[in-house]
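Structure follows, in structure tokens:
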């Protein structure tokens, strides 16, 4: 089986557009080897800026696709049945990469045929610092998984996981930005309570979290617990703050939140 040398993206919304930008700007694929099926004509000029071709329907895009093109499904789950009816089983033999939340790879393979790899990217892919999970599905080969991983590594980092862990991944990486935003919201409120003007507090919190994230993602090899220990002096201001967080069982609340998100994801996938 040849490695895909072109890509048909079904869905040119925010996620589909981000993927197109990533593969084109990183040189993973030539712009002329990418076509996007997007029914909203207002989005076509934006997509054309990347040099790719646009089509109004998935059926037309697939019908005009190159023999070696992979197909990436970037539509909302509720739209998938209509897309599946439109293109039928025309994807037999092609690599199909699905980023649809809550739709298992087996369902995609049953509806469309093809070799399926399921991917779950998070919000960060929109600015090139995303975290994506790669899970091979029915018929997928190691080469298929590697190709899909290459696509999403143009948008940040990618981690291969078993599809059974996709709900757990979503609870951490998919919902994770919301946890950080929640923390930022509380920090701004605390800064205002401590006497700062709201605008100043907002700027201070944004930059503080950015710096902490850069340190955590850096090459010093320290995990979060060791970084926290490094900046927490016994009897100091940070220790006083952590003591309050511990008294409210904040750490376990985070753990419970992630487990709850995982369980809800499993419920939604089963519907």
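Numbering (this note's numbering), first residue to last: 543 to 813. Each residue gets a CB set at the ideal place from its N, CA and C atoms; glycine is no exception.
Exercise. Does DSSP put residue 662 in a helix, a strand or coil?
Worked result: Locating residue 662 in the chain shown gives position 120, where the first residue counts as 1. The answer is strand: DSSP assigns residue 662 an E or B state.
Problem set entry | Cutoff 7 Å: residue 705 Cβ touching any chain B Cβ | Protein chain content of the structure displayed is limited to a single chain, and chain B is not contained in it.
Exercise. Cα-Cα, which of 792, 783 and 713 is closest to residue 809?
Worked result: Residue mapping note: residue 809 aligns to position 267 of the chain shown, counting from 1. With distances taken between Cα atoms, residue 809 lies closest to 713.
Problem set entry | Contact set for residue 718: own chain, Cβ-Cβ below 6 Å, skip 5 residues either direction | Taking the chain shown and counting its residues from 1, the one referred to as residue 718 is at position 176. Excluding positions up to five away in sequence, the list is empty.
Problem set entry | Buried versus exposed call for residue 791 [16 or more other C-beta atoms within 10 Å across all chains shown] | The residue labelled residue 791 in the question sits at position 249 within the chain shown. Exposed, by the Cβ-count rule.
Problem set entry | residue 559: first and last residue of the uninterrupted alpha helix (DSSP H) it sits in | Position 17 of the chain shown holds residue 559. Segment 556-567, the alpha helix (DSSP H) holding residue 559.
Problem set entry | Length of the line joining the Cα atoms of residue 776 and residue 646 | Locating residue 776 in the chain shown gives position 234, counting from the first residue. Locating residue 646 in the chain shown gives position 104, counting from the first residue. In a straight line, the C-alpha of residue 776 is about 49 Å away from that of residue 646.
For this session: Have a look at residue 659 and residue 577 and give me their C-alpha separation to the nearest angstrom.
Result: In the chain shown, residue 659 corresponds to position 117, counting from 1. In the chain shown, residue 577 corresponds to position 35, counting from 1. If you take the alpha carbons of residue 659 and residue 577, they lie about 19 Å apart.
Exercise. Closest to residue 605 by CA distance: which of 634, 751 and 583 is it?
Worked result: Here residue 605 refers to the residue found at position 63 of the chain shown. Minimum Cα distance to residue 605 is reached at 634.
For this session: Please work out which residues of its chain come closer than 8 Å, Cβ to Cβ, to residue 581, disregarding the five sequence neighbours upstream and downstream, and give them in chain order.
Result: Here residue 581 corresponds to residue number 39 of the chain shown, with the count starting at 1. The residues are 598 and 599.
Exercise. In whole angstroms, what is the alpha-carbon distance linking residue 628 and residue 618?
Worked result: The count along the chain shown starts at 1 and reaches residue 628 at position 86. The count along the chain shown starts at 1 and reaches residue 618 at position 76. Looking at the two C-alpha atoms, the distance is approximately 15 Å.
Exercise. Which residues does DSSP pair with residue 672 in a beta bridge?
Worked result: Taking the first residue of the chain shown as 1, we reach residue 672 at position 130. Partner(s): 698.
Exercise. Where does residue 755 land, buried or exposed, given buried means 16+ other C-beta within 10 angstroms?
Worked result: Taking the chain shown and counting its residues from 1, the one referred to as residue 755 is at position 213. Exposed, because fewer than 16 other Cβ atoms sit within 10 Å of the Cβ of residue 755.
For this session: Give a yes or no on contact between the region 699-706 and the region 726-742, applying the rule of three or more CB pairs nearer than 8 Å.
Result: no
Problem set entry | Distance, residue 763 Cα to residue 769 Cα | Your numbering for residue 769 matches position 227 in the chain shown. Your numbering for residue 763 matches position 221 in the chain shown. Spanning the two alpha carbons is a distance of roughly 10 Å.
Exercise. Applying the criterion that 16 or more other CB atoms from any shown protein chain within 10 Å of the CB defines a buried residue, is residue 796 buried or exposed?
Worked result: Sequence index remark: in the chain shown, residue 796 carries index 254 (1-based). It is exposed - the Cβ of residue 796 has fewer than 16 other Cβ atoms within 10 Å.
Exercise. Are residue 656 and residue 638 closer than 7 Å when you measure CB to CB?
Worked result: Numbered from 1 along the chain shown, position 114 holds the residue referred to as residue 656. Numbered from 1 along the chain shown, position 96 holds the residue referred to as residue 638. For residue 656 and residue 638, yes; Cβs fall inside 7 Å.
Exercise. If we ignore side chains and look at the alpha-carbon of each, how far apart do residue 603 and residue 766 end up?
Worked result: As a first step, residue 603 is located in the chain shown; it is residue number 61 there, counting from the start. As a first step, residue 766 is located in the chain shown; it is residue number 224 there, counting from the start. C-alpha separation (whole angstroms): 46 Å.
For this session: Helix, strand or coil for residue 786, going by three-state DSSP, please let me know.
Result: In the chain shown, counting from the first residue as 1, residue 786 sits at position 244. Residue 786 falls in the helix class under three-state DSSP.
For this session: Please name the residue in 760, 649, 547 and 806 whose C-alpha comes closest to that of residue 615.
Result: As a working mapping, residue 615 is identified with position 73 in the chain shown. Of 760, 649, 547 and 806, the residue nearest in Cα terms is 649.
Problem set entry | N-terminal and C-terminal residue of the alpha helix (DSSP H) that residue 730 is part of | Position 188 of the chain shown holds residue 730. Residue 730 -> alpha helix (DSSP H) spans 718-735.
Problem set entry | Secondary structure of residue 552, DSSP reduced to three states | Counted from its first residue, the chain shown places residue 552 at position 10. Reduced to three states, the DSSP call for residue 552 is strand.
Exercise. Which stretch, first to last residue, makes up the beta strand (DSSP E) that contains residue 577?
Worked result: For the purposes of this step, residue 577 is taken as the residue at position 35 of the chain shown. Looking at the DSSP string, the run of the beta strand (DSSP E) that includes residue 577 is 576-579.
Exercise. Cα separation between residue 815 and residue 622?
Worked result: Outside the modelled stretch of the chain, which goes from 543 to 813, sits residue 815, for which no answer is possible.
For this session: Can you tell me which of 705, 739 and 674 puts its alpha carbon nearest to the alpha carbon of residue 811?
Result: Numbered from its first residue, the chain shown carries residue 811 at position 269. Of the listed residues, the one whose Cα sits closest to residue 811 is 705.
Exercise. Apart from the five residues just before and just after residue 586, which ones in its own chain have a Cβ nearer than 7 Å to its Cβ?
Worked result: Against the chain shown, residue 586 aligns to sequence position 44. Correct list, in chain order: 580 and 596.
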